[in-house]
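Here my numbering is used: the first residue of the sequence shown is 1, the next is one more, and so on.
Backbone N, C-alpha and C define an ideal beta-carbon position, used for all residues, glycine too.
For reference, the structure is listed below as structure tokens.
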Amino acid sequence: MSKDIALILGGWEYNANEVTVRKILGIDGREKIQMRLDLGVLQMETDGRPDGKMPHGCDSLLEYCLLRLQRYRDRHGDTEGFEMSSEECADLKQEAMQYYYRYLSLFHLGDYLDVIRDTDHNLRIFDLIREYAVEESDRLSLEQFRPYVLMMNTRARACLSLDERDFDRALDQIADGIERIEDFLREVDREEMIENCREIVFLQEWSERIRTNRPLSDEEKLRRELRLAVEAENYERAAQIRDQIREMAHS
């Protein structure tokens, strides 16, 4: 059997301007995610670690490290003195990169719940390294990516709400995401970056598009008619609309 992947890639062209992903059924009968790259394809499991490995018998290296942390806490009463070596941090960073490729793929496939799962996973890796890495360079190495991961987590949550046509909840989730990024930038003494932070700007513009394009409720439509009637000095019609709004409020 040929090992040439040309048969896999045939008819599935790489596009540098967009994320090209698909789901396929593996030879083990399980669903896989494939991301098209310029020189080939990246294949990932849909659950657990994207590479399918189980470090130390755990579903992920993060899970193993958290288990090790819990054992340390059980022995010592707290986590003071718990440390993670540069090698451990490097392995966690590699795992975070795998999850990044998968949540990016999942977002474009519309699997928003799994995007939330994987972005939460990476945020927990960031927290663990920042808190317990021996070397300061390791503690700071992933923080530059935190605004992006928070943004993707926010986008996935809001997209789920938009799918349910719950526009108010989506707007609240976007506002919460913006606040989380702002809080982070203040925490790391980068408050001056808030105004021009790409992730914040994106979420603000998205929020505005939702506000502009969302369908109006019956009450909102009436209030718009009321404003137009007042502007046209059609006070009789304005009075009728006010009565309708009051009736709606008490129904």
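- In the DSSP assignment, residue 33 is bridged to 23, 44.
- DSSP places residue 232 outside both helix and strand once states are collapsed to three, so it counts as coil.
- When rounded, the separation of the alpha-carbon atoms in residue 67 and residue 88 is 14 Å.
- Distance check between residue 40 and each of 118, 90, 49, 5 places 5 closest, using alpha-carbon atoms only.
- Shown here, residue 133 sits in a strand according to DSSP, grouped into three states.
- With a cutoff of 8 Å on beta-carbon distance, residue 20 and residue 32 are scored as not near each other.
- Residue 55 sits away from residue 99, with the two beta carbons spaced by 8 Å or more.
- About 6 Å separates the beta carbon of residue 143 from that of residue 188, a gap short enough to meet the 8 Å contact definition.
- Checking the DSSP bridge columns, you'll see residue 84 partnered with 133.
- Residue 152 places its beta carbon 8 Å or farther from that of residue 201.
- The alpha-carbon separation between residue 12 and residue 139 amounts to approximately 40 Å.
- Residue 212 is classed as exposed because its beta carbon has fewer than 16 other beta carbons within 10 Å across all chains shown.
- The segment 169–184 and the segment 218–225 do not touch, with fewer than 3 CB-CB distances between them shorter than 8 Å.
- For the options 44, 161, 63, the alpha carbon positioned closest to that of residue 128 is the one of 63.
- Excluding sequence positions up to five before and after residue 160, its CB lies within less than 6 Å of the CB of 112, all in the same chain and listed in chain order.
- Our two residues, residue 141 and residue 93, have alpha carbons roughly 9 Å apart in a direct line.
- Counting other Cβ atoms within 10 Å of its Cβ, residue 241 reaches 16 or more and is therefore classed as buried.
- Judged by DSSP secondary structure, residue 214 falls outside any alpha helix (DSSP H); it is assigned neither H nor E.
- In the three-state reduction of the DSSP assignment, residue 159 falls in the helix class, which pools H, G and I.
- Taking every protein chain shown into account, the CB of residue 215 has fewer than 16 other CB atoms within 10 angstroms, so this residue is exposed.
- For residue 23, the closest C-alpha among the options 145, 209, 8 is that of 8.
- About 7 Å separates the beta carbons of residue 248 and residue 218, which is inside the 8 Å limit, making them a contact pair.
- Counting only the Cα atoms, residue 104 lies some 11 Å from residue 18.
- Scanning its chain for C-beta atoms nearer than 7 Å, with the 5 sequence neighbours on each side dropped, one finds around residue 191 the residues 185, in chain order.
- Comparing alpha carbon positions, the residue from 167, 145, 132, 86 closest to residue 78 is 132.
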